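Undergrad: Residue numbers (mature numbering (1 follows the signal peptide of the UniProt record, and there is no 0)): -23 to -1, 1 to 512.
Don't be surprised by glycine CBs; every beta carbon is placed ideally from N, CA and C.
The structure displayed is predicted, hence computed values, not measured ones.
#1: Residue 396 and residue 247 look like a contact to me (Cβ under 8 Å); what is the Cβ gap, rounded to whole Å?
#2: Of all the beta strand (DSSP E) runs that stay within the bounds of the region 273 to 330, which reach a length of 3 or more residues?
#3: Excluding the 5 residues preceding and the 5 following residue 260 in the sequence, name in chain order all residues of the same chain whose CB lies nearer than 7 Å to its CB.
#4: For residue 357 versus residue 326, is the C-beta distance shorter than 8 Å?
#5: Excluding sequence positions up to five away, which residues of its chain have a Cβ less than 6 Å from the Cβ of residue 239?
#6: DSSP state of residue 78, grouped into three classes?
#7: Quick check on the DSSP output: the alpha helix (DSSP H) that includes residue 341 runs from which residue to which?
#8: Buried or exposed: where does residue 188 fall if 16 or more other Cβ atoms within 10 Å of its Cβ makes it buried?
#9: For residue 262, which of helix, strand or coil comes out of DSSP?
#10: Please work out which residues of its chain come closer than 8 Å, Cβ to Cβ, to residue 505, disregarding the five sequence neighbours upstream and downstream, and give them in chain order.
#11: Please check if any C-beta of chain B sits within less than 8 Å of the C-beta of residue 437.
#12: From what residue to what residue does the alpha helix (DSSP H) around residue 86 run?
#13: Enumerated in chain order, which unbroken segments of the beta strand (DSSP E) with a length of 3 residues or greater are wholly contained in the region 330 to 400?
#14: Which value, in whole angstroms, describes the spacing of the CA atoms of residue 495 and residue 117?
#15: On the DSSP bridge assignment, give the partners of residue 445 in chain order.
#16: Over the uninterrupted alpha helix (DSSP H) stretch that includes residue 29, give me the two end residues.
#17: Closest to residue 359 by CA distance: which of 405, 407, 305, 375 is it?
#18: Between which two residues does the alpha helix (DSSP H) holding residue 176 run?
#19: Could you tell me whether the region 136 to 145 touches the region 22 to 29, using the rule of 3 or more Cβ pairs below 8 Å?
#20: What's the gap between the Cα of residue 483 and the Cα of residue 472?
#21: Where does residue 139 sit, in a helix, a strand or coil, going by DSSP?
#22: Exposed or buried, what is residue 242 when buried is set at 16 or more other beta-carbons lying within 10 Å of its beta-carbon?
#23: On the premise that residue 93 lies in contact with residue 100, defined as a C-beta separation below 8 Å, what is that separation, rounded to the nearest angstrom?
#24: Could you spell out where the alpha helix (DSSP H) holding residue 110 opens and where it closes?
#25: Comparing alpha-carbon positions, which option in 499, 470, 476, 475 lies nearest residue 486?
#26: For residue 49, which residues does DSSP report across the bridge?
#27: Check residue 456 in the structure and name its three-state DSSP category.
#28: Output yes or no for whether 8 Å exceeds the beta carbon distance between residue 515 and residue 384.
#29: By the DSSP assignment, the alpha helix (DSSP H) with residue 238 in it spans what residues?
#30: What residue from 49, 339, 508, 479 has the CA that sits closest to residue 74's CA?
#31: In three-state DSSP terms, what is residue 493?
Printed below as a string of structure tokens:
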């Protein structure tokens, strides 16, 4: 399947490329574009121009700017501080038992210990990244109406493809609003109808944002291409259904209303769309995971030659290892992880609770090291190195840019295994439209792949077992915080992990931490925004 290399189209877009969101400025400039000789009429004059803009919309997931690692979209110190995946991982995983970071960079210790404030760099980074991509979508939607496309003389197959671009853009905007709803609860809201120029966005309540996203996805599902018919890395109907299933599973958290039956419905749509589990679990997360991968529904695409930022999978892989370890003698970790040069940043590793959830025979247990216990947070060899993501192909070859340590490995935003687990949990929580026999079968499909046989299969399942299975299957993919909140355990003193709340053995923390704060700079600049409780 062709890999949609989004960044190849970015450079000509002078109109969009100069747009940035400054972390120290008000979001009233969110939809304002600077004066530039390249006007929208020039950018959108041809089908190729529309394709280039759409590439920028997608590329905002995997890039921090427009010229490899420079010219950052978002002005806030190190551009990688506003990389989508780097920030998403830090907020969703680093604040749980899945990971802990050695580094003392601003904002990192606060996430390790669940002691953050509204001035945290990475909390601001994800917020501005999501809003930046939403702004890109809004501009694309303004310029891709039928009247504007036809008025520019674009017809036939090209006009039809632009309609698909438009549907995909709406899906990507809905995804980023889901991120904002899940992480911050009550963000500012803008769409293609928002006035351009000096404007203070209004705030939307979490329940209202849920309804907006739901209606957008319900409408856009019929406008997207059918499953498996789009280019790899572009959204189709299955991606839309997968986001709906995920959102419905967490609907009670977001709105106070259970929607487990809807979660079953949309998980079933994805499951019935012809996806199958990748036989080898570890190959899901290797440098050639863009080929022969029947499990991934939608991914963020990376290219070690074309995408040289210090976020994304380059960050996740490099931050996961050090070149050599005394507790794993004789192993060259640069070769094992496929990152040469300056690769091996010795930052993130597991807390002891994550590897303890695995049986030794579980093929998903991808850890190295001799000391699971973390006595000293700043010592990388305390806690196990996580080898889930690597820049090595399934045939043992290095990625395309081993020398500079940039990754080719793509990140799965949605994959079939998650849909199996959503279906199973929603059935156990009382959703209709599914059955327990099927739920157990889906659960055992994952167990069978993990162990290579049926000896680890189960005859019945509890909700607690599903939570643990989600940890084993989905660790470091950005789910854990959301999962623990759904189970009422993220802030609770009844379930603790090492260094939760800043205590070595872990303590409960304030329930206010179930939501991250809106960035202080934005709240101060926009009187329409009310800060989340506790900040």
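TA: Based on what the coordinates show:
#1: Counted from its first residue, the chain shown places residue 396 at position 419. Counted from its first residue, the chain shown places residue 247 at position 270. Yes, residue 396 and residue 247 are in contact; Cβ-Cβ is about 5 Å, under 8 Å.
#2: DSSP runs (the beta strand (DSSP E)) wholly in the region 273 to 330: 273 to 277.
#3: Here the question's residue 260 lines up with position 283 in the chain shown. Answer for residue 260: 266, 371, listed in chain order.
#4: Counted from its first residue, the chain shown places residue 357 at position 380. Counted from its first residue, the chain shown places residue 326 at position 349. Contact: yes.
#5: For the purposes of this step, residue 239 is taken as residue 262 along the chain shown, with counting starting at 1. The residues are 225.
#6: As a working note, residue 78 is residue 101 in the chain shown. If DSSP states are grouped into helix, strand and coil, residue 78 belongs with the strands.
#7: Along the chain shown, read from residue 1 onward, the residue named residue 341 stands at position 364. No alpha helix (DSSP H) holds residue 341; DSSP gives it neither H nor E.
#8: As a position in the chain shown, residue 188 is number 211, starting the count at 1. It counts as exposed.
#9: The residue given as residue 262 occupies position 285 in the chain shown. DSSP, read as helix, strand or coil, puts residue 262 in helix.
#10: By one-based count along the chain shown, residue 505 stands at place 528. The beta carbon of residue 505 is closer than 8 Å to those of 165, 177, 178, 179, 180 in its chain, skipping five residues each way along the sequence.
#11: As a matter of chain content, chain B is missing from the structure shown, which is built from one protein chain.
#12: Counting from one through the chain shown, the residue named residue 86 turns up at place 109. That run of the alpha helix (DSSP H) goes 85 to 89.
#13: With a minimum length of 3 residues, the continuous beta strand (DSSP E) runs that stay inside the region 330 to 400 are 388 to 392.
#14: Residue numbering aside, residue 495 sits at position 518 when the chain shown is read from its first letter. Residue numbering aside, residue 117 sits at position 140 when the chain shown is read from its first letter. One C-alpha to the other measures close to 26 Å.
#15: Here residue 445 corresponds to residue number 468 of the chain shown, with the count starting at 1. In DSSP, residue 445 forms no bridge with anything.
#16: Locating residue 29 in the chain shown gives position 52, counting from the first residue. Taken as a continuous stretch (DSSP letters only), the alpha helix (DSSP H) holding residue 29 covers 24 to 39.
#17: By one-based count along the chain shown, residue 359 stands at place 382. Closest option to residue 359, judged by alpha-carbon separation, among 405, 407, 305, 375: 305.
#18: Residue mapping note: residue 176 aligns to position 199 of the chain shown, counting from 1. Annotation for residue 176: no alpha helix (DSSP H) segment contains it, and DSSP assigns it neither H nor E.
#19: The region 136 to 145 vs the region 22 to 29: in contact.
#20: Here residue 483 refers to the residue found at position 506 of the chain shown. Here residue 472 refers to the residue found at position 495 of the chain shown. Between residue 483 and residue 472, the C-alpha separation is close to 9 Å.
#21: Translated into positions along the chain shown, residue 139 becomes position 162. Assignment of residue 139 by DSSP, reduced to helix, strand and coil, places it in the helix class.
#22: The residue labelled residue 242 in the question sits at position 265 within the chain shown. Residue 242 is buried by the Cβ-count criterion.
#23: Here residue 100 refers to the residue found at position 123 of the chain shown. Here residue 93 refers to the residue found at position 116 of the chain shown. Taking 8 Å as the upper bound for CB-CB distance, residue 100 and residue 93 are in contact here, some 6 Å apart.
#24: Position 133 of the chain shown, counted from the first residue, corresponds to residue 110. Following the DSSP letters along the chain, one finds residue 110 inside the alpha helix (DSSP H) bounded by residues 98 to 120.
#25: Taking the chain shown and counting its residues from 1, the one referred to as residue 486 is at position 509. The option with the nearest alpha carbon to residue 486 is 470.
#26: Start at 1 with the first residue of the chain shown, and residue 49 comes out as number 72. DSSP, once it has assigned bridges, lists 42 as partnering residue 49.
#27: Start at 1 with the first residue of the chain shown, and residue 456 comes out as number 479. In the structure shown, residue 456 sits in coil (DSSP, three-state: anything other than H, G, I, E or B).
#28: This structure cannot settle anything about residue 515, because the visible part of the chain is limited to -23 through 512.
#29: Taking the chain shown and counting its residues from 1, one reaches residue 238 at position 261. For residue 238, the enclosing alpha helix (DSSP H) starts and ends at 237 to 248.
#30: Walking along the chain shown from the start, residue 74 turns up at place 97. Closest by C-alpha distance to residue 74, out of 49, 339, 508, 479, is 479.
#31: Locating residue 493 in the chain shown gives position 516, counting from the first residue. In the structure shown, residue 493 sits in coil (DSSP, three-state: anything other than H, G, I, E or B).
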